[in-house]
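Residue numbering for the sequence shown follows the numbering used here, starting at -1 and increasing by one per position. Using N, Cα and C, we set each Cβ at its ideal position, and we do this for glycine too. Everything on this sheet refers to the single structure shown next.
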Amino acid sequence: MIQRQPHNTSPQPLTVGESYRKAIELLNAGRLDEARNICMSIVAVRPKQPDVHSLLGAIAYQNRDGAAAVAHLQKALKLDPDNLAIRLNLAKTHRDFGQWADAAKVFETVVKRTPDDSTVLYDLGKAYGHLDDYAKAAPYYRKALTGTAAPDIVETELATALLKLGEFTDAEAHYNAVLGRTPGFIPALINLAVLRDIQGRMDDALALFDTALMHDPNSVEAHFHHALALITRERLAEGWAEYVWRYQRPKATTLHDRFQIPYWQGEPLENRTFLVWTEQGLGDEILIASLVPDVLAQGARCTLVCTNRLAPLFRRSFPMVRILTREDMKTDAAASVTADFQASLSQLALYLRPTTASFPKRAGYLKVDTAQTEEIRRRYKQDSADRLVGIAWHSANPQASGEKSTPLPAWAEILRTPGYRFVSLQYGEHAHAHKALRDATGLALIVDKSIDPKTDLESFAAQVAAMDLVISVSNTTVHVAGALGVPVWTLVPASVGRIWYWFLDRTDSPWYPSMRLFRQQRGIDWSPTLHAIAQELKQWP
């Protein structure tokens, strides 16, 4: 028996059932700590009560304590493995706390018990979608579609999974089916526009974004993707103005709401203090830094906030700029940040890069330790007359790695070009790729294990600066090379991985004057592009 709390009379015993019901009442009333205390008192005398552990899981869930919620539900399921409700709650808890691999595993067991439950099928498809396993996601979406009460949502998710798999015709059919039922369904309009973009139907893509915004002028995703489409087409002023909508995206990780400082709107900067903060990946941060010299040229005193890994390189490159890190923003240093204006890419580019004609022909803006670069160059050349070419063949971008990356053995024609020594600039562990190259071709790259760009970007930048030429897929390496003014040939994919800052159809990059773009042909693998690079390398001056 559980003891009642004393009042004016002696304690009266509560049964376990009464205590359990009281805990439920308290949970429903939002009195979570009291509900938990009662449950723990029950567990103290009845430790093997699955319903009580399940209730503790619900309490922890309400407290946003995902680890405790999962632990209690797992305990409850261990005590009552046939309880479908507990199993389903465990799957949903994994889902709601973003534990997608665990969610998929548990939803799989639920589906075996309820194979026709469209909601569970949809959740399982969504879990695999978040894991970028669209081949597994699509069949579950397809089966969920037959019994769902929300066909527009499910069919759009199915179409998007098919889009990710490159099954464009099937994806288009499903998007059109959704829009046939609900012409203003924003997710279908946005994703069909993305598909049109991939297909090269640029005008159709823009028209679909216009339609989406007509139906919902406040759609954050429509504005965001519309901005990317406009920038890609070099309609820069319009695109930059739209790009600020990214701040409102649910997963926005920018510092847009961190500082109580007015945003720059083109005011004179002479003798003013200016805060610039970077965002997104390392490549994007390096690209944003290309605008810092413009800010300094206008007479501003500048503070730049960047990721920790870039800080040493930026301090060397911009000695007149106060460099802080995102890690600093979690300390008292954040309170010391004052400025007349703040800006990130949207505000800077709107006023400094409104057209492609406004890009300066700058040789490079990042600086390295020249002595380190010379030492690296000597080690690699070994008194040879051969020129050094650094290569990188893989992108770690989770959304577009497959589209942007190439297998290393496919570079064989390039690597056989006489007069060059080829150096791996590929970050990450890729021993398997080097072995595959040796096994298939007998070729090998210079691999310098003393330089790790994940831990020392300054040394990596010095290594890149030691190259006569860099050839790489679209990743951080090409941004470093371009920002140093090193000649760099960038492989640009035809579809998903073709990022907005490479624009369309150009063979040059306004961001980096030392860069040439070699574009993949639509619907064709990388072989023709790599062959074209090999031919170009043979006659490179």
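A check of alpha carbon separations from Leu413 across Ser457, Val468, Thr13, Ala295 identifies Val468 as the nearest. Exclusion of the five residues before and after Pro407 leaves Ala434, Leu435, Ala438, Thr439 as the residues of its chain whose Cβ lies within less than 7 Å of its Cβ. Within the stretch 219 to 243, the complete alpha helix (DSSP H) segments of 4 residues or longer fall at 234 to 241, listed in chain order. For the pair Val50 and Trp262, the Cα-to-Cα distance works out to about 56 Å. Positions of the beta strand (DSSP E) runs, each at least 3 residues long and wholly inside the stretch 320 to 396, are given as 320 to 323, 339 to 341, 385 to 390 in order along the chain. When DSSP states are grouped into helix, strand and coil, Arg85 belongs to the helix group. Going by DSSP, Val468 is part of the beta strand (DSSP E) stretching over 467 to 471. In the DSSP assignment, Tyr425 falls outside any alpha helix (DSSP H) and carries neither an H nor an E. Under the three-state reduction of DSSP output, Leu187 falls in the helix class.
In terms of Cα proximity to Val421, the closest of Glu411, Pro405, Tyr378 is Tyr378. About 5 Å separates the CB atoms of Pro352 and Ala235; that is less than 8 Å, so the two are in contact. For Trp498, DSSP assigns no beta-bridge partner whatsoever.
Counting along the chain, Arg517 sits inside the beta strand (DSSP E) bounded by residues 513 to 517.
Note that the stretch 127 to 135 does not touch the stretch 103 to 119; fewer than 3 beta-carbon pairs, one per stretch, sit closer than 8 Å. For Cys37, no pairing in a beta bridge is given by DSSP. Under DSSP, Phe420 takes part in a beta bridge, and its partners are Val387. Here the alpha carbon of Thr329 sits roughly 24 Å from the alpha carbon of Lys452. Counting every other CB atom within 10 Å of its CB across the protein chains shown gives Arg231 a total of 16 or more, marking it as buried. DSSP places Val462 in the uninterrupted alpha helix (DSSP H) bounded by 455 to 463. Here the alpha carbons of His529 and Thr251 stand approximately 39 Å from one another. In this structure Leu82 is exposed. Its beta-carbon is surrounded by fewer than 16 other beta-carbon atoms within 10 angstroms. Residue pairing for Leu273: DSSP places it in a beta bridge opposite Thr301, Gln340. If you look at Thr488, you'll find it in the beta strand (DSSP E) that goes 486 to 490. One thing to note: Leu193 has its Cβ within 8 Å of the Cβ of Glu170.
Counting C-beta pairs closer than 8 Å gives three or more between the stretch 456 to 467 and the stretch 366 to 386, which meets the contact rule. Proximity of the stretch 208 to 220 to the stretch 472 to 488 falls short of the contact definition, fewer than three beta-carbon pairs being nearer than 8 Å. For a cut-off of 8 Å, the C-beta gap from Leu423 to Ser382 is around 19 Å, too long to register as a contact. Cβ-Cβ separation between Ala101 and Ala65: approximately 15 Å, too far for a contact (criterion under 8 Å). Val104 is positioned such that its CB atom lies closer than 8 Å to that of Arg85.
Here His430 is exposed, its C-beta having fewer than 16 other C-beta atoms within 10 Å. Distances from the CA of Pro526 to each of Asp503, Met513, Pro491 were compared; the closest alpha carbon is that of Pro491.
Between Leu143 and Leu156, the gap from beta carbon to beta carbon is short of 8 Å. For Lys536, the closest alpha carbon among the candidates Val478, Arg385, Leu443 is that of Arg385. Of the other Cβ atoms in all chains shown, fewer than 16 fall within 10 Å of the Cβ of Asp31; this residue is therefore exposed. Scanning its chain for C-beta atoms nearer than 7 Å, with the 5 sequence neighbours on each side dropped, one finds around Gly297 the residues Leu267, Glu268, Asn269, in chain order. Secondary structure note for Val445: it is in no alpha helix (DSSP H), with a DSSP letter that is neither H nor E.
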